[in-house]
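*Asks:* Residue numbers (the working numbering), protein chains in the order written: chain C, 1269 to 1652; chain Y, 1269 to 1652; chain E, 1269 to 1652; chain F, 1269 to 1652. We put the CB at the ideal spot given by N, CA and C, even for glycine. All figures in this text were calculated on a predicted structure; none of them were measured in a lab. Below is one structure. I have some questions about it.
Number of protein chains: 4
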Amino acid sequence: MKRKLRMGMVGGGLTSFIGPVHRKAAGIDGEIELVCGAFSIIPGESKETGEALYLNPDRVYETYQEMFEKEKSLPPDQRIDFVSVVTPNHVHFGPSQMALESGFHVLVEKPIAFSLAEAKTLEKTVNKTGLLLGLTHTYTGYPLVKEARKMVADGAFGKIRKIYVEYPQGWLSTLLEKTGNMQASWRTDPKQSGMGGAIGDIGTHAANLAEYITGLRITEICAMLNTVVKGRHLDDDSSMLLRFDNGASGVLMATQVAAGEENNLNIRVYGEKGGLEWKQEEPNTMILKWLDKPKEIIRAGQKYLSDEAKSFTRTPAGHPEGYLEAFANIYRSFSRALRDYKPGKKLNIAKYDFPDVADGVRGMNFVQTVVKSANSNRKWTTLK
Amino acid sequence: MKRKLRMGMVGGGLTSFIGPVHRKAAGIDGEIELVCGAFSIIPGESKETGEALYLNPDRVYETYQEMFEKEKSLPPDQRIDFVSVVTPNHVHFGPSQMALESGFHVLVEKPIAFSLAEAKTLEKTVNKTGLLLGLTHTYTGYPLVKEARKMVADGAFGKIRKIYVEYPQGWLSTLLEKTGNMQASWRTDPKQSGMGGAIGDIGTHAANLAEYITGLRITEICAMLNTVVKGRHLDDDSSMLLRFDNGASGVLMATQVAAGEENNLNIRVYGEKGGLEWKQEEPNTMILKWLDKPKEIIRAGQKYLSDEAKSFTRTPAGHPEGYLEAFANIYRSFSRALRDYKPGKKLNIAKYDFPDVADGVRGMNFVQTVVKSANSNRKWTTLK
Amino acid sequence: MKRKLRMGMVGGGLTSFIGPVHRKAAGIDGEIELVCGAFSIIPGESKETGEALYLNPDRVYETYQEMFEKEKSLPPDQRIDFVSVVTPNHVHFGPSQMALESGFHVLVEKPIAFSLAEAKTLEKTVNKTGLLLGLTHTYTGYPLVKEARKMVADGAFGKIRKIYVEYPQGWLSTLLEKTGNMQASWRTDPKQSGMGGAIGDIGTHAANLAEYITGLRITEICAMLNTVVKGRHLDDDSSMLLRFDNGASGVLMATQVAAGEENNLNIRVYGEKGGLEWKQEEPNTMILKWLDKPKEIIRAGQKYLSDEAKSFTRTPAGHPEGYLEAFANIYRSFSRALRDYKPGKKLNIAKYDFPDVADGVRGMNFVQTVVKSANSNRKWTTLK
Amino acid sequence: MKRKLRMGMVGGGLTSFIGPVHRKAAGIDGEIELVCGAFSIIPGESKETGEALYLNPDRVYETYQEMFEKEKSLPPDQRIDFVSVVTPNHVHFGPSQMALESGFHVLVEKPIAFSLAEAKTLEKTVNKTGLLLGLTHTYTGYPLVKEARKMVADGAFGKIRKIYVEYPQGWLSTLLEKTGNMQASWRTDPKQSGMGGAIGDIGTHAANLAEYITGLRITEICAMLNTVVKGRHLDDDSSMLLRFDNGASGVLMATQVAAGEENNLNIRVYGEKGGLEWKQEEPNTMILKWLDKPKEIIRAGQKYLSDEAKSFTRTPAGHPEGYLEAFANIYRSFSRALRDYKPGKKLNIAKYDFPDVADGVRGMNFVQTVVKSANSNRKWTTLK
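In C-alpha cells, the structure reads:
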C-alpha cells in the first residue's frame, strides 16, 4: 500500500485534551493522514475544528453516525482506513462498535468502554468482523518499558517475586469538579466515567503496566478505595495488595489526592537475581538493581539495548524522547512567521523566537574566534 | 492561509540521521506537509526516499538545483513555501543561497554554513530578499529553556555573575571515523565539517544556549582545543574561559571524548540572588537555587510557569515531552498491523505489540474487581 | 555533674555489628565514656574486647550478672551511670531488667525485647524504679526527620490524608542463613529474633517512622506476610494497608527480598496542601511537594530549617550528616535527660525526644498485630 | 601502647566552627582522648571551654606557648602525644612549629600555614625533628574517594584524558564580612587568610582532590580570579584550565558566589574506556560511565568495592557515611602512624594515607601559582 493510511476521528474538538495528543502522535511518523472527523456534539464545533485542521469541509461531520454512513459510501481509494475514538469514557462504545460494523478498524482511547458488558460486546464484534481494534494504553509505548518486558521475559531477574506499581497524582486534591474544570467534571461523574474514579482513570494504567512488563496475571486483589475529598461522587484514592499467577505478590496504589504529585506512574519489579525501577516522568532512564553488583542506569536509545527497545526509539541516545518536540517548536515558530510573512514587510523575528541568520553568523564567528584563541598565546581573544 | 505550509527538503536520504528528525518534527503539529525533495546525491537514493515517504514521483528530484528550477515554475497554489536543508555542513550554503535566490524561505540545520564568509553572504542575501531563514539550534526549543530565559530577563536572579555551560559527549573516544561510521567521518573531516571539530559540532550549541538564556553576549574567550584521539584531523575536545558583556564570566566546555557521556548539554547560571540549572538529558526539570530559601524544582507544563514557557508545551504537566512519542509508538504499531491486514486473515497481534480489545476487557474487569474487593470484607477477591 | 557520663556495655564483642556502632556514636560528642563491659558469652572474648577498647581489666566482666553485682558495689564516683545493651534480640530483656533492678539506667538496641510479655515487664520495672530506659530507633535521629515532624505538627501540609512508608532491603534474597552468615542466622531464627522476621527487624522502623513524623497513630492494618525464600523459618516480606486515627490511610511495605536494594527506608506523607518525601539513603535531602507551586528541596543544616531540626545537626549545610550522628543524637538526648535526672522526680521524656519504653511496647504490639492480621481472613485487624 | 592517645588542642573555643568538628571526629573511634588545650586568645574563653569539655583545669591553658612549656615538663605517662591545631589560617604556623620543637606531633587544619615561606619552615622542622605532621584535607577521607583513586590506579578507565573538578559555594554572594559574620570576616581578610580567598579556602581542596584521585600532577594552569562582590578584599571566584603531567587536561572552578550552592565539591574524570563522577554532598554514591555499557551506580559499604574503600567505612551499605567519619579517617590514619612511630625511624607516610607536610607545601604552591597566573597576561603558568 504505497500511500499514507487515512484516519477519521470521533471527538477531539478544539477544547479537547486528548484529541490533539492523538493527532500529533499520529502525525509524527508521516504514515497517517487525518482526512475526516466528527469532532464534537456541540453545534458548529466540529466544523470549526475541521477548518483549524485544514480538512476538506465535505468530510467534516456533525455526528459519528453520519460520518460512518458517508465514509462507507466513498470509493475505496478515498475512504478512511480506520477511526480514532477520543470521546469521554461513556462514548467510547458507540462509535467503536459502529465503526467496526461499518467495516473500519478502530483505535480507541482507554478505557475501552463504560462497563465490562460493553467491553465484552466489542470483543465479540472484533472477533466476528476480524477487524483490528487498538487501545491507547500509552505507557506501554515507551522504549524502556519494552526493554523491561524483554528483560523479564529473558529471565534476567530470575523468577519474579515482588511487584510494586504506583500512580500518584495530586490534581484532584480539591473539589476541582465544582469549579468548572471539565477534565475534573466528567472524570468524577459516575455517569460519564463509570464505576471507578481514580481506579478507572489511572489505576487501570498501573495494572496494565504491571501485567505488560512482567507477563504475569493478577489473580487476587485486596483493595481499599477511598473518597478523600468530601462531596466527590467517586473514589479518588486506592491502594491494594495483589497476588499474581506465578506466586508473586505486590502492591498497587493509584491516587489523585497526593498533593504536589504530577503524573508519577512508576513501577518496581524484583526477582531472584535483581530488579528494575522505571518512572514515567523521566521515561528515558531505568535503574537495574542486582544482588551482588552495582546498580546500572540504562538509557533509551543506547546500543546495549535489545532490538525490540531500539525499534521504538526515534532519536539517538542522549536525545531524549522530547527532543523531537523541541525540534518541532522551531518548525512551529518558523511556520508562524511564514504565515505572517508578506513580501517587502520586515518581520520582528524576536517575536517568533526561532534562531535566524544572525545566530548562524554568530555561531561561525564563535568557532573562528575559539580556534584563533586556541592558537594564540594571549589569554583573551575578543569575540566581535 | 487556510492550508498546510508546503515544504521541500534538500538532503535527508534514507540513511540520514538528521533528515528524519526534521521530517518528524515538521509533522507533529499538522501545520506542514512535505511535498518534494532532493534527498541525496547518491544516484537513485532520492527516488527511493521519495517513495518511502509516499511523495508524488514528479516532485522527487536528483539535485537541489533541479528542484528549485522546477518548483519555481509551478503555479503558486502548488509550489513549496520553504525549504528544509539537512545536508552535511559543507553543503548548507549552496542550497540555502539558491533557495533564497529562487524566492523560497529556508530552514537550515546548524551550523548555517562551512565558513564565516559563507555565513555573511547568506546574511546579505536574507537582507536583500527579505525572505526568512531559520536555523535549528534545537536546544533553545525546550519549554524550560524558554522559562529560564524569561526568568533571567525578568531579573529573578538579579544581575548575572557566572555562567557555566557544558556539552560533554563520549562517542568519539575512539577513532570511530576509521571504522566506516559515516556520522564520525564527516564530522572529523575538515573538508566537510569546517575549521572546528567538537567546537563547531557541539560547542556552538553550548555558546548559543548561554547567550540565549542570559541575553548576554560573549566578548572575550580564552580557549584550549585538543585533539585527544591520535590520528584525528580536528579538535575533539575544548575548554575555555569566557567574559560576557555585562562583566560576568564563565566557563564553556565541549568535548566528544568524555567516555560514557551521551549528549549531556547542561547549563548553570548564577546571579546575585540565585541561579538555575538545566540538563538537556532530563529537559522537563529545572532546578532553581536561592540565597536564603530552599531550592525549587520546576517542571515543564506546570501552571506556575510563564505563558511563554507554557506556549511551547504540547502535553500537560507530568506527561513528559516524549509522551507524544510513546503515543506515536502505539499509532505506528497499529499502522503496521493495518498494512498487513487482509480480510479473513487472522493477525498475530502480539507481534505488533499494541494494546487490543482483550486488554480493554481486562481493564474493565480489573476496575470491577477492585470495586468488588473494596466493598467486600473478605481480604482477597479473585480477578478472572 | 561536671564530668563525662560513665557507660557500661552488654554485648558488642569484637565480631559484633551493632556494638561498635553504639560505641562510636557514644563517642562523638565527648559526653560519654565507656568504662566497663560484659561484651560476650564466648569465653575470653569479653576480655579481649576490653583490651582492644583500652578498658581497665578489672572492669571487664564475663557476664552481665557479674558486671551489675560488681558495679553496684563501687563507690558512686566510679560506678557506671548507665548501660548500653547491644545483644541479639532474645538477650535484650535479661540485662535490661537486671540493670534497672541494680539501679542503672538503660539504653537498649531495638527491639526492646523478645516478646510483648518481656516488654511489659520492663515497662513495669521502669515505672517502679523511676529509672530511664532509652531505645535506639535510629532513623528518627536524622535532622530532616525532625523537620518533617515539625512541619506536619505546624500544619504546613494541612490535614494528613495519605502515608506511604517503605523499607525494602535485598540482602535476604537467598538462603544466607545457611551459609554461616551470623547476621542472617539469628534474624531468621524465631528463637533469637522473635515472631517477626522482616516485619520485626525493619517493619517496626517503618511504622515507628510513620507515627513519629505524622504524630498519628496506626489504628487498623490489613497485612500480607510472605516467606519468599524457601527453607526460611520467618517472614522475609510484608505489605499492608493502614488506617490512621485521624481518618488518613496508607501503605507500609517492608521486605528483605527486594534484590538489589540496600537499606532504602523511605516515607511519603500527603496532606490537603502538599506533602513530603524523605529517603534514609540520602538523609540530608527532603522533597516538599505543593499543590500550586514548585517542589522544594530542603537540606540538612540550612538556615531556613526550624530550630528543632538545626539543633540535631553537627555540621554546616552541604556537609552531609551521617548515620552515626543520627545515632549520637539519641545518645545525646538520653544524656541530657540523665543529667536532669533526680531520684524520685518524674521527667517529661517528650521534652528530651528519645524513644523510650512506651515505644518499645508499641513496637512489640505492632508486630503481634501484623502477624495476627496476616493469619486472619478478615480484612482489618485493630491495633490498640 | 595499650592506652588511648592523648591529644591537646590549640584553638577551637566555644564559638569555633571547626574545633568541635575535630573533637567529634577524634572521638568517634575511641582511640583518642582530649586531655588539654589552649582554646582561645579571648581572656577566659579557654577556661570556659575546658570546663565544658570536662578537662582537668590544671591542663587548660591561656596560650599555646604556656601549654607546650607545661606539657613538656609532665612525666611521659601523662603528657600529650600530639596537638590538634584548629586556629584561623594565620595562626597555623606558630603553634605547629612550637609543638614540633617541643617534641609533639601535630595535626593541623588546612591550609598548613599563611604563606609558602611558613609552610617550608614547617617542612624543615618536620624533617629535622622526625615528628609527624598531619593535615585535614577532609574530602579525601571519604570511602568512595578511596575507591575512585584505586580504580584509576588499577587502570579501570585506561589512560586519563580529562579532569573536571568544581567547588561551588554561594555563601559569600553578599558582603557578609560586613555584617559581623566571623567565618566570613577572617576568610576575606588577606591578613588572616593569606593571598587567596576562594581559591585558598576551597580551590585547594578541589586541586588536592583531583591529584589525589588521579595520581596525576597538575603541571600548567590558565586561571581567572574575580572579586565579584564589590568591597571584598580577596577573590571570591575562580576558574582555570589545567594541564596534567600525563598530557591530560582539565578545568577547575572554585567560587563562593554561586548563589544557592552549599558545598558542592564534585569531580569528573574521564579516561580512554570510561569515567567517574562523585559529589561530596551525596558522598556515598559514585557514578561510573563506560564506553559501551550502562552506567553503574556504586555505593559506599558494598561488597563489590575494593578492600581499600571498605576499610574506610564504619557502617554497612545503605547506612550513609557522614562527613565526621571522613574526618575521623584522617585522625585514624594519623593515629596508626603514631603508634608505629619510633624516634629516629623513618615512616613511610604513603602507607598510612593521610595528607602530610608535603601536601601542605603543595597547596601553598598551588595558590601562589594560581595568583601568578591570574595576574599574568600569558596563557600558561607553570606549577612546579
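#1: Suppose you measure from the CA of D1624 of chain C to the CA of F1336 of chain Y; what does that come to, to the nearest Å?
#2: State buried or exposed for G1543 of chain F, treating a residue as buried only when at least 16 other CB atoms are found within 10 Å of its CB.
#3: In this structure, how does DSSP classify T1649 of chain Y when only helix, strand and coil are distinguished?
#4: Quick one: what's A1585 of chain F bridged to in DSSP?
#5: Any Cβ of chain E within less than 9 angstroms of the Cβ of I1565 of chain Y?
#6: Using 9 angstroms as the limit for Cβ to Cβ distance, is F1350 of chain C near chain Y?
#7: From what residue to what residue does the beta strand (DSSP E) around P1436 of chain F run?
#8: Contact between the region 1631-1644 of chain E and the region 1302-1309 of chain F: three or more CB pairs below 8 angstroms?
#9: Please return the same chain residues whose Cβ sits closer than 8 angstroms to the Cβ of S1603 of chain C, not counting the five positions on each side in sequence.
#10: Drop a sphere of 10 angstroms on the beta-carbon of F1634 of chain Y, count the other beta-carbons inside from all chains shown, and report buried for 16 or more, exposed for fewer.
#11: Taking CB distances under 9 angstroms as the criterion, tell me whether E1337 of chain E reaches chain F.
#12: Please work out which residues of its chain come closer than 7 angstroms, Cβ to Cβ, to Q1451 of chain F, disregarding the five sequence neighbours upstream and downstream, and give them in chain order.
#13: So, is the C-beta of K1270 of chain E closer than 9 angstroms to a C-beta in chain F?
#14: Can you name, in chain order, every residue of its own chain whose Cβ lies under 8 angstroms from the Cβ of P1657 of chain Y, other than the five neighbours on each side?
#15: Express the C-alpha separation of N1643 of chain F and W1648 of chain C in angstroms, rounding to a whole number.
#16: Can you give me the C-alpha to C-alpha distance between G1612 of chain Y and A1424 of chain C, rounded to a whole angstrom?
#17: Out of curiosity, what's the CA-to-CA distance linking T1404 of chain Y and A1618 of chain C?
#18: Say whether chain E places a C-beta atom closer than 9 angstroms to the C-beta of N1449 of chain C.
#19: Taking 8 angstroms as the line, does the beta carbon of D1624 of chain Y fall inside it for any heavy atom of the ligand SAH?
#20: Identify the contact partners of T1523 of chain Y in chain F, using a Cβ-Cβ distance below 7 angstroms as the criterion.
#21: List, in chain order, every chain F residue whose beta-carbon is nearer than 8 angstroms to that of V1289 of chain E.
#22: Below 7 angstroms on C-beta distance, what does K1571 of chain Y contact in chain E?
#23: Would you give the residue range spanned by the beta strand (DSSP E) that Y1538 of chain Y belongs to?
#24: So which of E:L1321, E:H1373 and E:E1313 has the shortest CA-CA distance to K1340 of chain E?
#25: Which same chain residues end up closer than 8 angstroms to F1294 of chain C when comparing Cβ atoms and leaving out the 5 residues on each side of it in sequence?
#26: What number of angstroms, rounded off, separates the C-alpha of K1418 of chain F from the C-alpha of R1567 of chain F?
#27: How would you label R1582 of chain Y, buried or exposed, when you count the other beta carbons within 10 angstroms and need 16 or more for buried?
#28: Is the beta carbon of G1499 of chain F sitting closer than 9 angstroms to the one on L1510 of chain F?
#29: Tell me which residues share the same chain as V1629 of chain F and place their Cβ nearer than 6 angstroms to its Cβ, disregarding the 5 neighbours each side in the sequence.
#30: Could you check if T1317 of chain F is buried or exposed, using at least 16 other CB atoms within 10 Å of its CB as the buried criterion?
#31: Mind checking which residues open and close the alpha helix (DSSP H) that includes I1598 of chain C?
#32: Could you have a look at F1512 of chain C and say whether DSSP puts it in helix, strand or coil?
#33: Runs of 4 residues minimum, wholly inside the region 1431-1472 of chain E: which ones carry the alpha helix (DSSP H) assignment?
#34: Do you know offhand how far V1354 of chain C's Cα is from V1354 of chain Y's?
#35: Assess, as a yes-or-no matter, whether the region 1471-1480 of chain Y is touched by the region 1530-1543 of chain Y under the definition of 3 or more beta carbon pairs within less than 8 angstroms.
#36: Judging by CA-CA distance, which residue of E:P1344, E:V1413 and E:H1358 is the nearest neighbour of N1597 of chain E?
*Replies:* For this structure:
#1: 22 angstroms
#2: buried
#3: The answer is strand: DSSP assigns T1649 of chain Y an E or B state.
#4: Residue pairing by DSSP leaves A1585 of chain F without any beta bridge partner.
#5: yes
#6: yes
#7: Looking at the DSSP string, the run of the beta strand (DSSP E) that includes P1436 of chain F is I1428 to P1436.
#8: no
#9: Excluding the 5 residues flanking it on each side, S1603 of chain C has no same chain C-beta neighbour closer than 8 angstroms.
#10: F1634 of chain Y counts as buried, since no fewer than 16 other beta carbons sit within 10 angstroms of its beta carbon.
#11: no
#12: F1285
#13: At a cut-off of 9 angstroms, the C-beta of K1270 of chain E has a neighbouring C-beta in chain F.
#14: Since the first residue shown for chain Y is 1269 and the last is 1652, residue 1657 of chain Y is missing from the structure and cannot be characterised.
#15: 13 angstroms
#16: One C-alpha to the other measures close to 39 angstroms.
#17: 15 angstroms
#18: no
#19: This structure simply doesn't include the ligand SAH, nor any ligand for that matter.
#20: K1430
#21: R1582 and T1583
#22: D1560
#23: N1534 to G1539 is the extent of the beta strand (DSSP E) around Y1538 of chain Y.
#24: The shortest C-alpha separation from K1340 of chain E is found at E:H1373.
#25: First, the residue type needs correcting, since residue 1294 of chain C is Ala and not Phe in the sequence shown. Around A1294 of chain C, the same chain offers M1275, I1300, L1302 and S1352 as residues with beta carbons nearer than 8 angstroms, after the five sequence neighbours per side are excluded.
#26: 15 angstroms
#27: buried
#28: no
#29: A1387 and E1391
#30: buried
#31: Y1591 to D1608
#32: strand
#33: Every unbroken stretch of the alpha helix (DSSP H) spanning 4 or more residues and falling wholly within the region 1431-1472 of chain E is given here in chain order: 1450-1455 and 1458-1461.
#34: 36 angstroms
#35: yes
#36: E:V1413
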